[in-house]
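> Residue numbers for the sequence shown follow this note's numbering, so the first one is 8 and each next one is one higher. Even for Gly, the Cβ is constructed at its ideal location relative to N, Cα and C.
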Amino acid sequence: MNTVTIIGSINLDRTIRVKQMPKPGETMHTKEIFSAGGGKGANQAVAAQRSEAKTNFIGAVGDDDAGKVMMDLLKDEKINLDGVKTIENESTGQAYIVVDDAGENQIMIHAGANAAFDPDYVAQQKALIEQSDFVIAQFESSIDSTVAAFRIAQNAGVRTILNPAPALDNVPEELLKVTDMIIPNETETETITGVHVTDEASMKKAAEYFHNLGIKAVIITIGSKGSFNDVDGESGIVPAFKVNAVDTTSAGDTFIGAMSTVLKKDFSNLKEAILYGNRASSLTVQRYGAQPSIPYKKELSEDK
8 MNTVTIIGSI NLDRTIRVKQ MPKPGETMHT KEIFSAGGGK GANQAVAAQR SEAKTNFIGA
68 VGDDDAGKVM MDLLKDEKIN LDGVKTIENE STGQAYIVVD DAGENQIMIH AGANAAFDPD
128 YVAQQKALIE QSDFVIAQFE SSIDSTVAAF RIAQNAGVRT ILNPAPALDN VPEELLKVTD
188 MIIPNETETE TITGVHVTDE ASMKKAAEYF HNLGIKAVII TIGSKGSFND VDGESGIVPA
248 FKVNAVDTTS AGDTFIGAMS TVLKKDFSNL KEAILYGNRA SSLTVQRYGA QPSIPYKKEL
308 SEDK
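Shown next as structure tokens:
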């Protein structure tokens, strides 16, 4: 069983369901509105925990009702929250999500406490990081804090996984140089590398960009088509499962969190781990909400 430490965001999601996305200036009635646990970091942690990894979290919430809700939800998941601090006079991260009948979404994020914990706080979590097999981060919290965590991890022989989302125009090279595996989607890949992703050849070219920075393993998620992977001179596409998607909100987070629970530190079983992550995300997109949609390990056996 892998030990996975997530550094990143904890958000309370406010989701609105609509028939189709509103046009600029348009007013429409909603079909449903609800709140649920979210944040890319927290989603990935829930996915890892539900696939039975030993899961730790490094992050922050505010001293507000949303923070209490999120801490209670994550405690119920049995995630180790020793690395999560409550920041006074700060709001907990929140996301406002619109989902249409085609399963597509638009997401607006208020970072709040996610942007308020710093490298000094991360350094205090050194023991937590060093006891891990993998450390996973995204771009919904401080980049400086992520760099600090990845440096501690690499010095201890712990593998680092970067999910560069939401996309940034300028990703610090110092972060990429302490990344062992990177998992962008097509848009994020182009933003970082300048390579327009159209086919397997262009994904291979983008992978070379990452490898030249010292990143050992590259996975490019390509939506309903699956995932491209490139490691140790071998590359290919692992197809996604064909399902009827109703909400894609936490599909990528589920994929990463679930995959990390079965991945070997030398990446020798990467394709098998991707297949497991694909299976998990295929269930997630058939359900509404971020964390409520994430499956448990018992749901992911191959005979289901």
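(1) So, at 7 Å on beta carbons, what are the nonlocal neighbours of LYS212 in its own chain, with the 5 sequence-adjacent residues on each side left out?
(2) With DSSP as the reference, label THR62 as helix, strand or coil.
(3) What's the call for PHE146, buried or exposed, on a 16-neighbour Cβ count within 10 Å?
(4) Using three-state DSSP, classify GLN56 as helix, strand or coil.
(5) What's the C-alpha gap between SER267 and ASN162?
(6) Among GLY69, THR198 and LEU81, which one has its Cα closest to the Cα of GLY44?
(7) Kindly give me the distance between the Cβ atoms of GLY66 and SER16, rounded to whole angstroms, as I take these residues to be in contact under 8 Å.
(8) Ends of the alpha helix (DSSP H) at PRO126?
(9) Between which residues of its own chain and ILE116 is the CB-CB distance below 6 Å, once the five residues before and five after are set aside?
(10) Once you ignore the five residues that flank VAL91 on each side, which residues in its own chain have a CB closer than 8 Å to its CB?
(11) Whose C-alpha, out of SER308, ILE222 and TYR295, is nearest the C-alpha of ILE40?
(12) Which ranges does the alpha helix (DSSP H) cover as unbroken runs of at least 4 residues, wholly within the segment 182-217, from first to last along the chain?
(13) Reducing DSSP to helix, strand and coil, say where LEU277 ends up.
(14) Taking just the CA atoms, how far does GLU137 sit from ILE189?
(15) Taking the beta carbon of THR37 as the centre, do at least 16 other beta carbons fall within 10 Å, making it buried, or is it exposed?
(16) Using 10 angstroms around the beta-carbon of LEU19, count the other beta-carbons present and answer buried if the total reaches 16, otherwise exposed.
(17) Assuming ILE227 and GLU181 form a contact by the criterion Cβ under 8 Å, report the distance between their Cβ atoms to the nearest whole angstrom.
(18) Specify the secondary structure class of ARG158 as computed by DSSP and reduced to three states.
(19) Does the pairing of the segment 256-275 with the segment 283-293 give three or more beta-carbon distances under 8 Å?
(20) Under 8 Å Cβ to Cβ from VAL154, same chain only, skipping five residues before and after it: list those, please.
(21) Looking only at its chain, what residues have a beta carbon closer than 6 Å to the beta carbon of GLN56, apart from the 5 residues adjacent to it on each side?
(22) Out of ALA252, ALA49, ALA280 and LEU270, which has the shortest C-alpha to C-alpha gap to VAL76?
(23) Thinking C-alpha only, which one of GLY110, GLY243 and SER58 is nearest ASP206?
(24) Excluding sequence positions up to five away, which residues of its chain have a Cβ less than 7 Å from the Cβ of GLY110?
(25) Measure how close the beta-carbons of LYS304 and GLU97 come, nearest whole angstrom, since I'm counting them as under 8 Å.
(26) Kindly give me the distance between the Cβ atoms of ALA144 and ILE301, rounded to whole angstroms, as I take these residues to be in contact under 8 Å.
(27) Leaving out five residues on either side along the sequence, give the residues of the same chain with a beta carbon under 7 Å from the beta carbon of PRO171.
(28) Among the candidates GLY284, LEU135 and SER275, whose CA atom is the shortest distance from the CA of ILE14?
(29) If you draw a straight line from the alpha carbon of PRO299 to that of LYS249, how long is it in whole angstroms?
This is what the structure holds:
(1) Around LYS212: VAL202.
(2) In the three-state scheme derived from DSSP, where H, G and I count as helix and E and B as strand, THR62 is classed as strand.
(3) In the assembly as shown, PHE146 is a buried residue. Its beta-carbon has 16 or more other beta-carbons within 10 Å.
(4) Helix at GLN56.
(5) The alpha-carbon separation between SER267 and ASN162 amounts to approximately 20 Å.
(6) The candidate whose alpha carbon is nearest that of GLY44 is LEU81.
(7) Confirmed, Cβ separation roughly 7 Å.
(8) For PRO126, the uninterrupted alpha helix (DSSP H) run begins and ends at 126-130, by DSSP.
(9) Excluding residues within five positions, the ones whose Cβ falls inside 6 Å are ALA102.
(10) Once the five neighbours on either side are set aside, the close Cβ partners of VAL91 are ILE17, PHE64, ILE65, GLY66, ALA67, VAL68, MET78 and LEU81.
(11) Across the set SER308, ILE222 and TYR295, the C-alpha of TYR295 shows the shortest separation from the C-alpha of ILE40.
(12) Segments of the alpha helix (DSSP H) lying fully in the segment 182-217: 193-200.
(13) It is helical.
(14) Taking the straight line joining both Cα atoms gives about 20 Å.
(15) Answer is exposed; the Cβ neighbour count stays below 16.
(16) A buried status is given to LEU19, since no fewer than 16 other beta-carbon atoms sit within 10 Å of its beta-carbon.
(17) In this structure ILE227 does not touch GLU181 by the C-beta definition: roughly 22 Å separates them, more than the 8 Å allowed.
(18) Assignment of ARG158 by DSSP, reduced to helix, strand and coil, places it in the helix class.
(19) A contact exists between the segment 256-275 and the segment 283-293.
(20) Result list for VAL154: PRO126, PRO179, GLU181, LEU182 and VAL185, in chain order.
(21) So the qualifying residues of the chain are THR62, GLU84 and ILE86.
(22) Nearest C-alpha to VAL76: ALA49.
(23) Closest option to ASP206, judged by alpha-carbon separation, among GLY110, GLY243 and SER58: GLY243.
(24) Taken in chain order, the residues that qualify are ALA252, VAL253, ASP254, THR255 and VAL292.
(25) No, LYS304 and GLU97 are not in contact; Cβ-Cβ is about 35 Å, not under 8 Å.
(26) Not quite, the Cβ-Cβ distance comes to about 19 Å (not below 8 Å), so this is no contact.
(27) The beta carbon of PRO171 sits closer than 7 Å to those of PHE146, VAL178, ILE189, PRO191, GLU195 and ILE199, all from its chain and outside the five residues before and after it, given in chain order.
(28) Ranking the options by Cα distance to ILE14, first place goes to LEU135.
(29) In this structure, the CA atom of PRO299 is about 21 Å from the CA atom of LYS249.
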